[in-house]
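Right, one structure below, let's go through it.
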Amino acid sequence: MSEGSKATPFVPQRRRLNPGALRLLKAFPWLRFLVYEEFIISCAITREIFNIGEATYISHLSRDLFGHSAIEFVADPFVTLKDGVFYVFFEAMNLKKGRGEIAVAESRDFLHWKLTGTALSEKWHLSYPQVFWHGGACYLVPESGEQKAVSLYRAAEFPLGWEKVADLVEGREYLDSSLFFDGEWTMISYPKRSDEVCVFRSPALEHGWSQVARWSKGDSADVLRPAGRIFNVAGRWYRPVQRSAEFYGQDLWLKRLELTGPDVASEQLALGVRQPLLGPAGTGWNSACMHHLDFVRHGGDCYVVTDGASLVLDLSPVRLLYRLRYQVRKRAAPLLGKARRLVLPRTPGRSRA
Numbered sequence: 004m005s006e007g008s009k010a011t012p013f014v015p016q017r018r019r020l021n022p023g024a025l026r027l028l029k030a031f032p033w034l035r036f037l038v039y040e041e042f043i044i045s046c047a048i049t050r051e052i053f054n055i056g057e058a059t060y061i062s063h064l065s066r067d068l069f070g071h072s073a074i075e076f077v078a079d080p081f082v083t084l085k086d087g088v089f090y091v092f093f094e095a096m097n098l099k100k101g102r103g104e105i106a107v108a109e110s111r112d113f114l115h116w117k118l119t120g121t122a123l124s125e126k127w128h129l130s131y132p133q134v135f136w137h138g139g140a141c142y143l144v145p146e147s148g149e150q151k152a153v154s155l156y157r158a159a160e161f162p163l164g165w166e167k168v169a170d171l172v173e174g175r176e177y178l179d180s181s182l183f184f185d186g187e188w189t190m191i192s193y194p195k196r197s198d199e200v201c202v203f204r205s206p207a208l209e210h211g212w213s214q215v216a217r218w219s220k221g222d223s224a225d226v227l228r229p230a231g232r233i234f235n236v237a238g239r240w241y242r243p244v245q246r247s248a249e250f251y252g253q254d255l256w257l258k259r260l261e262l263t264g265p266d267v268a269s270e271q272l273a274l275g276v277r278q279p280l281l282g283p284a285g286t287g288w289n290s291a292c293m294h295h296l297d298f299v300r301h302g303g304d305c306y307v308v309t310d311g312a313s314l315v316l317d318l319s320p321v322r323l324l325y326r327l328r329y330q331v332r333k334r335a336a337p338l339l340g341k342a343r344r345l346v347l348p349r350t351p352g353r354s355r356a
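Residue 31 in the working numbering is what sits at position 28 of the sequence shown, and the numbering runs on without skipping anything.
Take a look at the structure:
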């Protein structure tokens, strides 16, 4: 455990603003240095996953787990169970490094959480860490779109020791890739700045992936991007999706996959389920939006992790400096890349990209 770890059974107290302040941020972008959407992870226990909208959240994970000012928010939680301990893998946005990392928290009662540590950190942004078990081994597929690849990691020493196994697919900035196994492996990915999702299939996990379908937006333009693990209930596969009609991560819906033989033929909004499945409450930790869902079954119950965001006023001078530096680096990176391509001479074997 890290020295800064502590249990967090209650919602962190913040200076939260009305969601209507989003209009103010659009009019005065510089306010984003003081006001931002802070994502928090929340946990609930329910008998039926389709009723998660009625469940009571019993615990929360926030940036307070880390005990320092570099973490901006936590989001994209995935939960797994090992030896009676719940482990939640999630994105921790590190302002000091200017990118997301994959962190882990653990709990024996799903109520009191302690930070285990950083599971994965690369030179590029990481998020959406789908963790799963297969053949006695634990695997992790984080979003690594900046590398234009979907990478697979295997636990050499669970939960903090990971080694890269393979790049499953390459060539585009695939976001939030979600996998499931139904005799063969299926992966659904969302290419960045796209109005489609790509469906891949493979008989093996570590190799042999090929694209078999591409679903365009159609009549559900805003309900495409993956929003958590694809799961099975009563023999049917369901895919959580996030809607971004008016703003990013507006709420979360549920689609049912249509399987035809060995392939995934199509999907449609799940019938008999209240839609959206999860949405903002208007006040509190999830006043602005909700955009992720995962759960693990244990003892007849579903142990659920979600995330949501609220607008937070943060006057910390240290965090303000981190945000300023992060924004400067973010805006300077494309210019530095262009300058480098202009200055470096073209020599045999060297690419100008």
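Think of the CB as a built atom: it goes at the ideal place given N, C-alpha and C, for glycine as much as any other residue.
Selected residue, minimal CA-CA separation from D198, among R328, R50, S247 and I48: Of the listed residues, the one whose Cα sits closest to D198 is S247.
For D330, the three-state DSSP class (helix, strand or coil): In the sequence under discussion, the amino acid at residue 330 is Gln, which differs from the Asp named in the question. Helix.
Runs of beta strand (DSSP E) wholly within the region 176 to 212 (minimum 3 residues, chain order): 177 to 184, 188 to 194 and 199 to 205
Chain-order list of residues whose beta-carbon lies under 8 Å from that of L37 (same chain, five-residue window excluded): L316, D317, L318 and L323
C-alpha gap between A312 and F89, whole angstroms: 23 Å
Extent of the continuous beta strand (DSSP E) run through H115: No beta strand (DSSP E) holds H115; DSSP gives it neither H nor E.
Beta-carbon separation (whole angstroms), L143 vs Y156, contact threshold 8 Å: 4 Å
The region 201 to 212 touching the region 225 to 238, judged by at least three CB pairs closer than 8 Å: No, they do not touch.
Cβ separation of H295 and T309, assumed to be a contact under 8 Å, to the nearest whole Å: 6 Å
The region 173 to 188 contacting the region 107 to 127, beta-carbon criterion three pairs below 8 Å: no
Cβ-Cβ distance between E94 and L68 below 8 Å: no
Length-filtered (3 minimum) beta strand (DSSP E) runs lying within the region 212 to 276: 213 to 219, 226 to 229, 234 to 236, 239 to 246, 254 to 263 and 266 to 272
Residue environment, S219, which counts as buried when at least 16 other CB atoms sit within 10 Å: Exposed is the call here.
Straight-line gap, Y131 to A30 (C-alpha atoms, nearest Å): 30 Å
Contact the region 233 to 242 vs the region 256 to 264: 3+ CB pairs below 8 Å: yes
Sub-8 Å separation of Y325 and L34 beta-carbons: no
Continuous beta strand (DSSP E) stretch holding V144: start and end: A140 to E146
Local Cβ density within 10 Å of V202, reported as buried at 16 or more and exposed below that: buried
C-beta contact flag for W288 and S110 at 8 Å: no
Assumed close pair I43, H71 - CB separation to whole angstroms, cut-off 8 Å: I43 to H71, Cβ: 17 Å. No contact.
Reference L165; option with closest CA among Y39, A106, P15 and P320: The sequence given here has Trp at residue 165, not Leu. With distances taken between Cα atoms, W165 lies closest to A106.
Identity of the residues DSSP links to E57 by a beta bridge: For E57, which the question treats as bridged, DSSP gives no partner whatsoever.
Chain-order list of residues whose beta-carbon lies under 6 Å from that of W212 (same chain, five-residue window excluded): L171, V172, F203 and S205
Check whether S290 and P283 have beta carbons under 8 Å apart: yes
Closer than 7 Å: A237 CB and nearest the ligand PLP heavy atom: Although the ligand PLP was asked about, the structure shown includes no ligands whatsoever.
Closest by C-alpha distance to S269, when choosing among L314, V215, E160 and R300: Checked all of L314, V215, E160 and R300; the closest Cα to S269 is V215.
Where G311 sits in the DSSP three-state scheme: strand
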